[in-house]
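What follows is a short report on a single structure.
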Amino acid sequence: MSFANSHEIVTNQDGLNENLDEIVAKHLKHTFKKPYQQHSIDGFKAVEIQIGQVNKPVIFDSCCGVGDSTVKLAKLHPDHFVIGMDKSGHRLNKNEAYEQHGVDNFMLLRTDLNDFWRLALEAQLKIDKHFILYPNPWPKAKHIQRRWHGSAVFPTIVALGGELEMRSNWRLYLDEFSQALSLVGKESSVVEFSPEETITPFERKYQASGQALFKLTSEL
Ligand SMILES: C[S@@+](CC[C@H](N)C(=O)[O-])C[C@H]1O[C@@H](n2cnc3c(N)ncnc32)[C@H](O)[C@@H]1O
């Protein structure tokens, strides 16, 4: 493998995961009851306060990494309030001070989305758009339950609603997500695309190494 392609996905799957339908069905049947961590609850309260103050439609930028996409989305959607979330404080801390971006319609939050999404749904938070850009692929077949569509929080992602956009350099991840959506009666499309301007560090990295990029969209 050449250095340029070192980020390419290596998987032992040659099609949709054979256990996908069964796993999604299991998660649809049983409510995800894992107790919330206190810092997730505190983080969510902080978000609720901010949203109450700005009074704008909300965009989620889930798994935002360093938050570059959060700032770009805030610039692209000045009439919205964008919440960038990642569990890695180390990544989020790499983002420069808010005021340097020239936009203030966003916030970054360190949180575990397994908690945050459920808290948002319980609070009946309305979201207009939901971006999940380059989620961790977990390419080994046995790790299917670590992919968002194979996780217990999948029904929550769907129930949160909004226009969903996911991006990945691994088409199969998105095809699986699309199949999971079809099991809950939601239509989606997966297409190859080539961004004129990259909006995340991972996107930049994949494009620079000549990899194909894919996008899933769905009206949830
Ligand atoms: C491959 S990186 C992509 C980051 C960014 N979207 C980009 O494209 O540059 C995946 C990100 O998902 C985050 N992540 C994974 N599981 C998460 C969870 N349960 N809650 C919040 N963030 C999570 C990781 O910390 C990581 O920053």
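Residue numbers for the sequence shown, in the numbering used here: 1 to 220.
Positions of the beta carbon are idealized from the N, C-alpha and C atoms, including for glycine.
| request: Could you tell me whether the stretch 12 to 28 touches the stretch 188 to 196, where touching means 3 or more Cβ pairs closer than 8 Å? | output: no
| task | Alpha carbon to alpha carbon, how far is S88 from V66? Give it in angstroms, no decimals. | result | Translated into the one-based positions of the sequence shown, residue 66 becomes position 66. Translated into the one-based positions of the sequence shown, residue 88 becomes position 88. So the two alpha carbons sit approximately 9 Å from each other.
| At what residues does the beta strand (DSSP E) containing D61 begin and finish? | In the sequence shown, counting from the first residue as 1, residue 61 sits at position 61. Start and end: 58 to 62.
| said: Counting only beta-carbon separations shorter than 8 Å, does L174 have a partner in chain C? | reply: Annotation note: the requested chain C is absent from the structure, which comprises a single protein chain.
| Which residue's Cα is closest to the Cα of K33: I59, I144, L172, D115? | For the purposes of this step, residue 33 is taken as residue 33 along the sequence shown, with counting starting at 1. Ranking the options by Cα distance to K33, first place goes to D115.
| field | Runs of alpha helix (DSSP H) lying entirely within the stretch 60 to 112, each at least 4 residues, in chain order | value | 68 to 76, 89 to 92
| Span of the alpha helix (DSSP H) around K215 | If you number the sequence shown from 1, residue 215 lands on position 215. Where K215 is concerned, there is no enclosing alpha helix (DSSP H), although the beta strand (DSSP E) it sits in stretches over 213 to 219.
| request: State buried or exposed for F193, treating a residue as buried only when at least 16 other CB atoms are found within 10 Å of its CB. | output: On the sequence shown, position 193 is the one that residue 193 refers to. So F193 ends up on the exposed side.
| Exposure of R281, with buried meaning 16 or more beta-carbon neighbours within 10 Å | Residue 281 lies beyond the residue range present for the chain, which begins at 1 and ends at 220; the question has no answer from this structure.
| field | Beta-carbon proximity of D21 to L183, cut-off 8 Å | value | Here residue 21 refers to the residue found at position 21 when the sequence shown is read from its first residue. Here residue 183 refers to the residue found at position 183 when the sequence shown is read from its first residue. Yes, they are a contact pair.
| field | Residues bridged to K33 [DSSP beta-bridge criterion] | value | Your numbering for residue 33 matches position 33 in the sequence shown. Looking at the DSSP assignment, K33 forms no beta bridge with any residue, so it has no partner.
| task | Name the two residues that bound the continuous alpha helix (DSSP H) containing I9. | result | Locating residue 9 in the sequence shown gives position 9, counting from the first residue. Here I9 belongs to no alpha helix (DSSP H), and DSSP marks it neither H nor E.
| request: Could you check the C-alpha separation between K56 and Q37 for me, to the nearest Å? | output: Indexing the sequence shown from 1 puts residue 56 at position 56. Indexing the sequence shown from 1 puts residue 37 at position 37. If you take the alpha carbons of K56 and Q37, they lie about 28 Å apart.
| message | When you compare the stretch 193 to 207 with the stretch 42 to 55, are there three or more beta-carbon pairs, one atom per stretch, that lie closer than 8 Å? | response | no
| task | Per DSSP, which residues does F131 bridge with? Please list them. | result | Locating residue 131 in the sequence shown gives position 131, counting from the first residue. DSSP output for F131 lists D61, E165 as bridge partner(s).
| DSSP state of V158 mapped onto helix, strand, coil | What you label residue 158 is simply residue 158 of the sequence shown in a count that begins at 1. V158 falls in the helix class under three-state DSSP.
| task | Identify, in the order they occur along the chain, each residue of the same chain with its Cβ nearer than 6 Å to the Cβ of Q50, setting aside the five sequence neighbours on each side. | result | By 1-based counting over the sequence shown, the position of residue 50 is 50. So the qualifying residues of the chain are M107.
| field | Coarse secondary structure for V184, derived from DSSP in three states | value | As a working mapping, residue 184 is identified with position 184 in the sequence shown. V184 falls in the coil class under three-state DSSP.
| query | Exposed or buried, what is G15 when buried is set at 16 or more other beta-carbons lying within 10 Å of its beta-carbon? | reply | In the sequence shown, the residue the question calls residue 15 occupies position 15. So G15 counts as exposed.
| task | Give the DSSP-derived three-state secondary structure of E192 in the structure shown. | result | By 1-based counting over the sequence shown, the position of residue 192 is 192. E192: strand per DSSP, three-state reduction.
| field | Nearest-angstrom Cα separation, counted from E8 out to W138 | value | Residue numbering aside, residue 138 sits at position 138 when the sequence shown is read from its first letter. Residue numbering aside, residue 8 sits at position 8 when the sequence shown is read from its first letter. Using only the alpha carbons, I get a separation of about 12 Å.
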